[in-house]
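**Student:** This structure is in structure tokens; I'll ask about it shortly.
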Amino acid sequence: MSEFQMKNFGFLIFQLIISFVMVLTGTINTLSTKAADLLIVRGNNPHAAHHFDHPYVQAVGMFIGEFSCMLVFAIFALGFFLVKRTIKPLIPKSFNPLIFLPPACCDILATSTMYLGLNLTSASSFQMLRGAVIIFSGLLSVGFLGSHITGTQWLGMITVFFGLMVVGVGDLVINGIGTESASQVITGDLLILVAQIIVSIQVVVEEYFIKGYQVDPLLAVGFEGMFGLGITLTLLVPMYFIPWHIPGTEFWQEFPRYEDSLDALSQIGNSWLLVVFVLGNIISIAFFNFTGLTVTKYLNATTRMVLDSVRTLFIWLFSLAIMWQGFYFTQLIGFVLLIVGAFIYYDILIPPGIRWIYRKVPGRSPKPRLMTGTFPDEVENSDERDALMGKGREDIN
1 MSEFQMKNFG FLIFQLIISF VMVLTGTINT LSTKAADLLI VRGNNPHAAH HFDHPYVQAV
61 GMFIGEFSCM LVFAIFALGF FLVKRTIKPL IPKSFNPLIF LPPACCDILA TSTMYLGLNL
121 TSASSFQMLR GAVIIFSGLL SVGFLGSHIT GTQWLGMITV FFGLMVVGVG DLVINGIGTE
181 SASQVITGDL LILVAQIIVS IQVVVEEYFI KGYQVDPLLA VGFEGMFGLG ITLTLLVPMY
241 FIPWHIPGTE FWQEFPRYED SLDALSQIGN SWLLVVFVLG NIISIAFFNF TGLTVTKYLN
301 ATTRMVLDSV RTLFIWLFSL AIMWQGFYFT QLIGFVLLIV GAFIYYDILI PPGIRWIYRK
361 VPGRSPKPRL MTGTFPDEVE NSDERDALMG KGREDIN
């Protein structure tokens with residue numbers, strides 16, 4: 001085997017490893033969060049043991065994981081400095097870290113809302129419904145950034161919409177229309193959809209404020225984690241005194257508290273298994289962010305989207321395997337529609353199919369335009385476009 005072949009083989013192994021770690025850690029992140037929600041542990045109140053109903057404390061864990069990306073960047077910067085004796089190429093000129101404050105605020109709202117929804121619905125529905133971000137970010141990019149949505153992207157968004165409808169209606173039917181259980185699940189599903197609107201706003205805000213700054217992705221995630229962590233920890237204080245129950249906490253809270261962080265700490269201290277799940281959430285989100293950014297850098301954004309779809313499949317299969325939920329055809333149909341819609345949106349299905357047919361036509365004219373408004377070669381080389389905006393930021397969680 002030649003040196004060139006050895007290098008190619010080594011890079012292939014690197015691609016496989018980094019892709020596997022991304023899918024694994026992304027799956028662990030959602031499952032560990034849901035497992036913590038389901039765990040029944042005694043807290044600091046006089047009532048019986050109860051579920052870990054603390055979405056905002058869990059959000060703190062996620063921001064700790066994001067902030068750790070800055071530590072990874074610091075390690076890379078140190079290595080760069082030891083070799084080059086400078087780190088100026090790594091830091092943009094006229095760079096103001098406060099540009100990450102608005103998206104960090106959106107991240108706080110989105111993450112806490114999603115975790116609140118995850119308390120009320122299944123892990124698989126949670127992951128599937130996050131596909132709605134394609135629709136909302138696409139529409140917002142048109143209104144606020146002047147982006148153009150192609151014909152295939154509209155088709156993909158419509159397919160995703162029907163997939164979301166099937167998943168939502170399936171959850172309603174599975175839990176029994178009109179029952180309290182169905183009401184809670186649908187509330188959770190709606191909260192997750194609302195969170196995707198906030199995530200889409202975050203994408204647009206980042207595109208607006210950060211455009212023009214060549215910021216290292218690890219540094220960007222680290223700053224958002226730092227701001228998110230600081231703000232969330234500060235908000236936990238007034239949340240403790242807000243007299244309102246998070247749905248499902250009425251039976252164990254002696255006094256209504258919007259987020260009883262002291263009870264959360266007590267529960268964590270009373271259960272080593274809960275400690276494992278919380279640490280699993282923190283560590284997995286850090287590795288998921290790092291490997292996701294690495295996949296985007298060394299492969300492309302479309303590959304990252306495909307791997308995230310595999311992650312959704314694994315979460316669903318694991319939930320079935322450990323009987324967190326039963327098998328229902330509505331979820332299978334919804335999942336297929338969501339994946340097909342995303343693949344259409346990302347130009348994975350229709351343009352490649354048209355190119356294949358185009359190559360089979362004898363005497364074809366050079367480079368006819370497709371329905372996407374691009375040439376075939378341009379479509380082939382368009383993978384580096386960002387997953388949501390065509391040029392914006394990757395979803396980091």
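Quick note: the sequence shown uses UniProt numbering, first residue 1, plus one each step.
C-beta: ideal position from N, C-alpha, C; glycine also.
1) Pop quiz: His54 and Ile40 are said to be a contact at Cβ under 8 Å. What is the actual Cβ separation, rounded to whole angstroms?
2) So is Tyr298 buried or exposed if we call it buried at 16+ other beta carbons inside 10 Å?
3) Which of the three DSSP states, helix, strand or coil, is assigned to Val215?
4) Considering just the uninterrupted stretch of the alpha helix (DSSP H) at Lys84, what are its terminal residues?
5) Give the DSSP-derived three-state secondary structure of Ile149 in the structure shown.
6) Considering only the beta carbon of each residue, do Gln202 and Asp260 sit closer than 8 Å?
7) Could you say which of Thr330, Leu320, Ile242 lies nearest to Arg257 if we only look at CA atoms?
8) Taking only the alpha-carbon atoms, compute the straight-line gap between Met226 and Ala36 and give it to the nearest angstrom.
9) What is the rounded straight-line gap between the Cα of Ser19 and the Cα of Thr291?
10) Count the CB pairs spanning the region 215 to 223 and the region 61 to 75 that are closer than 8 Å, and state whether there are at least three.
11) Please report the straight-line C-alpha distance between Val306 and Ser32, rounded to a whole angstrom.
12) What is the DSSP secondary structure of Ile242, counted as helix, strand or coil?
13) Within 10 angstroms of its Cβ, does Leu293 collect 16 or more other Cβ (buried), or is it exposed?
14) Please work out which residues of its chain come closer than 7 Å, Cβ to Cβ, to Trp244, disregarding the five sequence neighbours upstream and downstream, and give them in chain order.
15) To the nearest whole angstrom, what separates the beta carbons of Asp308 and Thr152, a pair I think is in contact under 8 Å?
16) Count Cβ pairs between the region 112 to 125 and the region 183 to 192 that sit closer than 8 Å; are there 3 or more?
17) Please state if the CB of Cys105 and the CB of Ile231 are separated by a distance shorter than 8 Å.
18) Let me check understanding here. Comparing Cα to Cα, which of Phe81, Ile198, Leu90 lies closest to Arg130?
19) Rounded to whole angstroms, what's the CA-CA distance from Ile87 to Tyr213? Just pull it up for me.
20) Are three or more beta carbon pairs between the region 264 to 279 and the region 10 to 26 nearer than 8 Å?
21) Could you spell out the range, first to last residue, of the alpha helix (DSSP H) harbouring Gln325?
22) Rounding to the nearest angstrom, what Cα-Cα distance links Leu349 and Val160 in this structure?
23) If you draw a straight line from the C-alpha of Ser319 to the C-alpha of Gln325, how long is it?
24) For Val142, would you say it is in contact with chain C, using Cβ-to-Cβ distances shorter than 8 Å as the test?
25) What are the residues that DSSP puts in a beta bridge with Val41?
26) Between the alpha carbons of Asn8 and Arg304, how many angstroms are there, rounded?
27) Tyr208 to Val142, Cα distance in whole Å?
28) Rounding to the nearest angstrom, what Cα-Cα distance links Ile134 and Gly334 in this structure?
29) If we count the other Cβ atoms within 10 Å of its Cβ and call it buried at 16 or more, is Lys93 buried or exposed?
30) Can you round the beta-carbon distance between Met128 and Leu338 to whole angstroms, since I take them to be within the 8 Å contact cut?
**Tutor:** Taking the coordinates as given:
1) Taking the first residue of the sequence shown as position 1, residue 54 is located at position 54. Taking the first residue of the sequence shown as position 1, residue 40 is located at position 40. At roughly 13 Å, the Cβ-Cβ gap does not stay under 8 Å, so His54 and Ile40 are not in contact.
2) As a working mapping, residue 298 is identified with position 298 in the sequence shown. Tyr298 is exposed by the Cβ-count criterion.
3) The sequence position of residue 215 within the sequence shown is 215, counting from 1. Note: Val215 maps to coil in three-state DSSP.
4) By one-based count along the sequence shown, residue 84 stands at place 84. First-last of the alpha helix (DSSP H) with Lys84: 55 to 84.
5) Numbered from its first residue, the sequence shown carries residue 149 at position 149. Three-state DSSP puts Ile149 in coil, outside helix and strand.
6) As a first step, residue 202 must be located in the sequence shown, where it is residue number 202. As a first step, residue 260 must be located in the sequence shown, where it is residue number 260. Not closer than 8 Å, so no.
7) Counted from its first residue, the sequence shown places residue 257 at position 257. Nearest C-alpha to Arg257: Ile242.
8) Working through the sequence shown from its first residue, we reach residue 226 at position 226. Working through the sequence shown from its first residue, we reach residue 36 at position 36. Rounded to whole angstroms, Met226 to Ala36 spans 24 Å at the Cα level.
9) The residue given as residue 19 occupies position 19 in the sequence shown. The residue given as residue 291 occupies position 291 in the sequence shown. About 7 Å.
10) yes
11) Locating residue 306 in the sequence shown gives position 306, where the first residue counts as 1. Locating residue 32 in the sequence shown gives position 32, where the first residue counts as 1. Between Val306 and Ser32, the C-alpha separation is close to 22 Å.
12) Counting from one through the sequence shown, the residue named residue 242 turns up at place 242. In the structure shown, Ile242 sits in coil (DSSP, three-state: anything other than H, G, I, E or B).
13) Stepping through the sequence shown from its first residue, residue 293 is reached at position 293. Leu293 should be labelled buried.
14) The count along the sequence shown starts at 1 and reaches residue 244 at position 244. Hits under 7 Å: Pro256, Tyr258.
15) On the sequence shown, position 308 is the one that residue 308 refers to. On the sequence shown, position 152 is the one that residue 152 refers to. In fact, because the Cβ distance is near 19 Å, the residues do not count as touching under 8 Å.
16) yes
17) As a first step, residue 231 must be located in the sequence shown, where it is residue number 231. As a first step, residue 105 must be located in the sequence shown, where it is residue number 105. Yes; because the gap between Cβ atoms is below 8 Å, this pair is in contact.
18) Stepping through the sequence shown from its first residue, residue 130 is reached at position 130. Among Phe81, Ile198, Leu90, the Cα nearest to that of Arg130 belongs to Ile198.
19) For the purposes of this step, residue 87 is taken as residue 87 along the sequence shown, with counting starting at 1. For the purposes of this step, residue 213 is taken as residue 213 along the sequence shown, with counting starting at 1. If I take the Cα positions, the gap works out to 16 Å.
20) no
21) Looking up residue 325 in the sequence shown gives position 325. No alpha helix (DSSP H) contains Gln325, which DSSP labels as neither H nor E.
22) As a first step, residue 349 must be located in the sequence shown, where it is residue number 349. As a first step, residue 160 must be located in the sequence shown, where it is residue number 160. Their Cα atoms are separated by approximately 14 Å.
23) In the sequence shown, counting from the first residue as 1, residue 319 sits at position 319. In the sequence shown, counting from the first residue as 1, residue 325 sits at position 325. Spanning the two alpha carbons is a distance of roughly 6 Å.
24) No chain C appears in the structure shown, which is made up of a single protein chain.
25) Here residue 41 is taken as the residue at index 41 of the sequence shown, counted from 1. Looking at the DSSP assignment, Val41 forms a beta bridge with His50.
26) For this step, residue 8 is matched to residue 8 along the sequence shown. For this step, residue 304 is matched to residue 304 along the sequence shown. Their Cα atoms are separated by approximately 20 Å.
27) If you number the sequence shown from 1, residue 208 lands on position 208. If you number the sequence shown from 1, residue 142 lands on position 142. Roughly 13 Å between the two C-alpha positions.
28) Position 134 of the sequence shown, counting from 1, holds the residue named residue 134. Position 334 of the sequence shown, counting from 1, holds the residue named residue 334. Their backbone Cα atoms lie some 15 Å apart in a straight line.
29) Residue mapping note: residue 93 aligns to position 93 of the sequence shown, counting from 1. Classification for Lys93: exposed.
30) Your numbering for residue 128 matches position 128 in the sequence shown. Your numbering for residue 338 matches position 338 in the sequence shown. With a Cβ gap of about 6 Å, Met128 and Leu338 count as contacting.
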